[in-house]
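Step one of this worksheet: look at the structure below.
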Amino acid sequence: MDYLRVSTEEQTKGYGIAYAGKKTTAYIERKDWDHLGTFKDEGVSGSLEADQRDNLKRLMEQARQVPRPFDVVVVSESRAIGRTDRAFWRWVWELEDLGIYVADAKKDIDNTTESGKEAMREEANFAFKEYGRIRQRTQGGIQEKAEDGGLTGGRPRYGYRVENPGKRGLSRVVLDRCDETCGCGQPHEFDVLHLAYVLIVIDGLNVRQAAIRLNVLGHYTRSGKPWSNRNLWSRLVDATSDPVVIFRNPKRAKLGIDGTPLYGETVTIALKPVFTPDEAKQLRAAMARNRRGKGLKKQKQSYPLSRRFFGLCGTHYTGFRLKEASERVYRCSGKVEKYAQAPTCCCPRVHAGSLEQRVWSEVCALLGTPERLRAMSEDWAGLAAGSKINYAQRIADLGKQIEAQDAAIAAVMVVAAKQANSAEAIAKATKTLDEERAQLVKMRAEVQAWQAETEAAGQRARDLQTLADLARTRLHDMPPEQQTEILDLLDVRVTITGPVPKVRKADCSLTRWFRERNRPVPILTEEGWMRVEPILAAAHQRKRNDRLPDRSVLEAILHKARTGTPWPTTGFQSRYHRWVATGLWQEIMELLADEKATPVPAAGALPPLRIEGHIDPRLVLSVGSRPHDTVPTGNGISASEP
1 MDYLRVSTEE QTKGYGIAYA GKKTTAYIER KDWDHLGTFK DEGVSGSLEA
51 DQRDNLKRLM EQARQVPRPF DVVVVSESRA IGRTDRAFWR WVWELEDLGI
101 YVADAKKDID NTTESGKEAM REEANFAFKE YGRIRQRTQG GIQEKAEDGG
151 LTGGRPRYGY RVENPGKRGL SRVVLDRCDE TCGCGQPHEF DVLHLAYVLI
201 VIDGLNVRQA AIRLNVLGHY TRSGKPWSNR NLWSRLVDAT SDPVVIFRNP
251 KRAKLGIDGT PLYGETVTIA LKPVFTPDEA KQLRAAMARN RRGKGLKKQK
301 QSYPLSRRFF GLCGTHYTGF RLKEASERVY RCSGKVEKYA QAPTCCCPRV
351 HAGSLEQRVW SEVCALLGTP ERLRAMSEDW AGLAAGSKIN YAQRIADLGK
401 QIEAQDAAIA AVMVVAAKQA NSAEAIAKAT KTLDEERAQL VKMRAEVQAW
451 QAETEAAGQR ARDLQTLADL ARTRLHDMPP EQQTEILDLL DVRVTITGPV
501 PKVRKADCSL TRWFRERNRP VPILTEEGWM RVEPILAAAH QRKRNDRLPD
551 RSVLEAILHK ARTGTPWPTT GFQSRYHRWV ATGLWQEIME LLADEKATPV
601 PAAGALPPLR IEGHIDPRLV LSVGSRPHDT VPTGNGISAS EP
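Under the UniProt record's numbering, the first residue of the sequence shown carries the number 1, and numbering increases by one thereafter.
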């Protein structure tokens with residue numbers, strides 16, 4: 001079996017998969033081995049581990065079969081295995097423990113013998129050093145460019161452009177305005193922002209109106225699309241904030257052990273502001289003053305499925321509150337215009353309570369099944385049969401190699417100490433040996449860290465059993481705020497797969513009356529009416545304009561409660577509210593308690609749904625944590641409704 005990998009950088013230099021395949025094929029023929037197949041990963045970085053490369057992952061799935069299907073994996077050179085210790089050794093060692101060896105076609109070495117293992121280790125160290133030098137040169141050049149005030153990547157924020165692009169030491173981020181160096185006479189991004197300032201501050205328009213005006217004038221966004229309310233608002237907020245670019249921002253950069261950026265220092269690049277301080281202050285005040293809906297006081301409510309629920313149009317739903325605080329729905333974001341006066345979708349709203357209850361029941365069912373959680377955890381953690389690496393043996397072997405290296409260094413020092421300039425002789429004689437020892441010590445420390453990581457993964461897998469026990473008793477009553485945390489960890493995605501029923505006012509005060517009391521809706525019979533009629537007649541609640549008889553009204557009210565249909569006329573609704581206010585409705589329902597009844601309708605009819613999620617045991621915390629903090633999230637929830 002041979003494995004071929006080349007990175008994108010190697011491809012550009014002409015070292016493609018075909019070139020690597022010729023070398024491995026020739027090597028296999030020279031060794032008189034049977035060539036059983038080839039696995040290829042093209043344009044894949046050597047820093048990725050085996051389970052992060054699609055075809056190498058497939059190779060390992062075959063390697064773990066019993067009986068093993070092949071004995072040797074041939075690579076064109078050691079760089080194809082990996083360019084980091086983690087990517088290289090974890091893969092090679094797992095194959096060794098499975099009884100499978102690795103051969104390097106370029107150097108004609110393999111790890112079937114101790115001398116071969118030593119040669120392979122030297123080749124690996126060379127590949128790691130080369131990778132480190134490439135990274136250091138690349139990151140150093142980017143750091144130097146940032147310190148000179150140049151743009152290190154991507155495009156500058158709106159309102160700015162790169163002057164002298166591609167010219168080393170001369171490129172700068174400057175305001176994007178028409179000046180003597182341009183002479184095109186057309187408005188640039190700086191000019192568009194100032195035009196928006198005039199429309200909002202001087203003419204008194206709100207941001208949406210300003211976006212419409214800019215679109216009419218043909219002053220579109222950088223990508224050539226019309227302005228939306230949100231897009232223009234965001235660009236104006238950026239233009240009125242501090243005009244700086246932070247390179248290697250500690251909030252986003254990869255950090256070292258000391259908490260500072262790993263590959264260089266943070267650099268703050270100051271830019272010229274788009275607006276003067278007074279203009280920025282006036283613009284912020286005008287945007288706040290003219291903002292649509294500024295007087296509304298919204299009641300904060302939790303919508304755990306916002307941005308996790310997708311409609312037939314392909315866009316996500318978000319939580320939305322209707323006029324009544326109890327009317328919670330999810331509304332398709334496709335109804336929000338992408339730019340001012342843009343067309344919108346016609347996806348109906350979906351009742352929030354019914355949707356959340358349906359999805360949460362699936363989550364509880366998953367987390368309450370310990371067998372499923374344990375299988376998913378073992379699959380990720382590498383704890384399944386045949387996938388363990390004997391880290392203890394590797395650590396012991398490296399310890400013996402370090403002891404042997406120490407003995408060699410001591411012997412050389414004894415010989416060198418007899419020379420005239422003993423100190424210089426000792427340093428020169430032991431330099432190479434010291435470097436090799438440092439490599440062995442470094443590798444042993446990394447293997448110890450990998451061993452600890454694997455042991456921790458095993459503990460997390462065991463914690464899933466505890467989580468499942470907690471799920472049975474606590475998850476069902478979890479409030480929406482905590483549900484949101486679990487849905488985030490599980491990466492839940494809900495997709496509509498069929499027509500969406502329109503939300504009708506089925507969750508009005510009438511149906512809520514039955515639902516809150518957990519009572520069915522009675523069917524009015526002749527016997528039931530005979531019990532109810534006397535109290536209605538005695539109440540004398542009918543007014544002059546109440547032309548409909550009490551029985552017809554009562555039957556209509558019960559029909560609405562049973563079906564969720566709208567009120568026939570306002571007269572029925574007002575009669576019901578009078579009965580409730582005087583306590584007559586409660587008395588009527590008690591008299592009909594023994595009648596045949598039907599269940600109260602669901603608060604909101606749901607469309608067909610597909611519910612998906614993922615389990616990742618790396619997110620499982622300790623057993624003693626709160627249950628909603630210990631929820632894991634790989635291959636998890638999968639449910640659907642026809």
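Where is the CB? At the ideal position from N, CA and C, for every residue including glycine.
Problem set entry | Inter-stretch contact (C-beta, 8 Å, three-pair minimum) for the region 301 to 316 and the region 268 to 279 | no
Problem set entry | Assigned secondary structure, Tyr-330 (DSSP; H/G/I helix, E/B strand, else coil) | strand
For this session: Could you tell me if Met-530 is buried or exposed, where buried requires 16 or more neighbouring beta carbons within 10 angstroms of its beta carbon?
Result: exposed
Problem set entry | Meets three-Cβ-pair contact criterion under 8 Å: the region 403 to 418 and the region 34 to 51 | no
For this session: Run the CB neighbour count on Leu-95, radius 10 Å, all protein chains shown included, and call it buried at 16 or more, exposed below.
Result: buried
For this session: Please say whether Ala-410 and Ala-416 have beta carbons closer to each other than 8 Å?
Result: no
For this session: Could you say if the region 521 to 540 and the region 581 to 599 meet the contact criterion of at least three C-beta pairs nearer than 8 Å?
Result: yes
Exercise. The alpha helix (DSSP H) spanning Arg-284 covers which residue range?
Worked result: 277 to 289
Exercise. Which residues in the same chain as Pro-499 place their Cβ atom closer than 7 Å to its Cβ, once the five residues preceding and following it in sequence are excluded?
Worked result: Pro-607
For this session: Name the two residues that bound the continuous beta strand (DSSP E) containing Glu-42.
Result: 38 to 42
Exercise. Just checking my contact of Asp-39 with Leu-56 at CB under 8 Å: how many whole Å lie between their CB atoms?
Worked result: The sequence shown places Phe at residue 39, rather than the Asp named in the question. Confirmed, Cβ separation roughly 6 Å.
Problem set entry | Residue span of the alpha helix (DSSP H) that contains Arg-321, given as start and end | Run containing Arg-321: none in the alpha helix (DSSP H); it sits in the beta strand (DSSP E), 317 to 321.
Exercise. When the Cα atoms are used, what is the spatial distance from Glu-485 to Val-350?
Worked result: 22 Å
Exercise. Glu-362: buried (16+ other C-beta within 10 angstroms of its C-beta) or exposed?
Worked result: buried
Exercise. Does the ligand MG have even one heavy atom less than 7 Å from the beta-carbon of Tyr-19?
Worked result: The model on display carries no ligand, and the ligand MG is accordingly not part of it.
Exercise. Pro-522 bridges to which residues according to DSSP?
Worked result: Ala-597
Exercise. Can you name, in chain order, every residue of its own chain whose Cβ lies under 8 Å from the Cβ of Leu-296, other than the five neighbours on each side?
Worked result: For Leu-296, the predicted model reports a pLDDT of 39, less than 50, meaning its position is unreliable and no value from the coordinates is stated.
For this session: Determine the direct distance from the alpha carbon of Glu-455 to that of Leu-490, and round the result to whole angstroms.
Result: 23 Å
For this session: Using a threshold of 8 Å, state whether the C-beta atoms of Phe-275 and Thr-240 are closer than that.
Result: yes
Exercise. Okay, do the region 335 to 346 and the region 512 to 522 touch, 3+ Cβ pairs below 8 Å being the bar?
Worked result: no
Exercise. For Val-216, which three-state DSSP category applies?
Worked result: helix
Problem set entry | Other residues of its chain near Phe-88: CB distance less than 7 Å, five sequence neighbours each side excluded | Ile-81, Gly-82 and Ala-124
Exercise. How is Glu-446 classed by DSSP in three states: helix, strand or coil?
Worked result: helix
For this session: Tell me whether residue 656 is buried or exposed, calling it buried when 16 or more other Cβ atoms sit within 10 Å of its Cβ.
Result: The chain is shown from 1 up to 642; residue 656 falls before or after that span and cannot be answered.
Problem set entry | Nearest residue (CA-CA) to Gln-448, options Ala-392, Thr-497, Ala-423 and Ser-422 | Ala-392
For this session: Kindly list the residues whose CB is nearer than 8 Å to the CB of Tyr-101, restricted to its own chain and excluding five residues on each side of it in sequence; keep chain order.
Result: Asp-71, Val-72, Val-73, Leu-95, Asp-110, Asn-111 and Thr-112
Problem set entry | Burial state of Asp-54 (16 or more Cβ within 10 Å) | exposed
Exercise. On the premise that Ala-119 lies in contact with Lys-106, defined as a C-beta separation below 8 Å, what is that separation, rounded to the nearest angstrom?
Worked result: Not a contact, Cβ separation roughly 12 Å.
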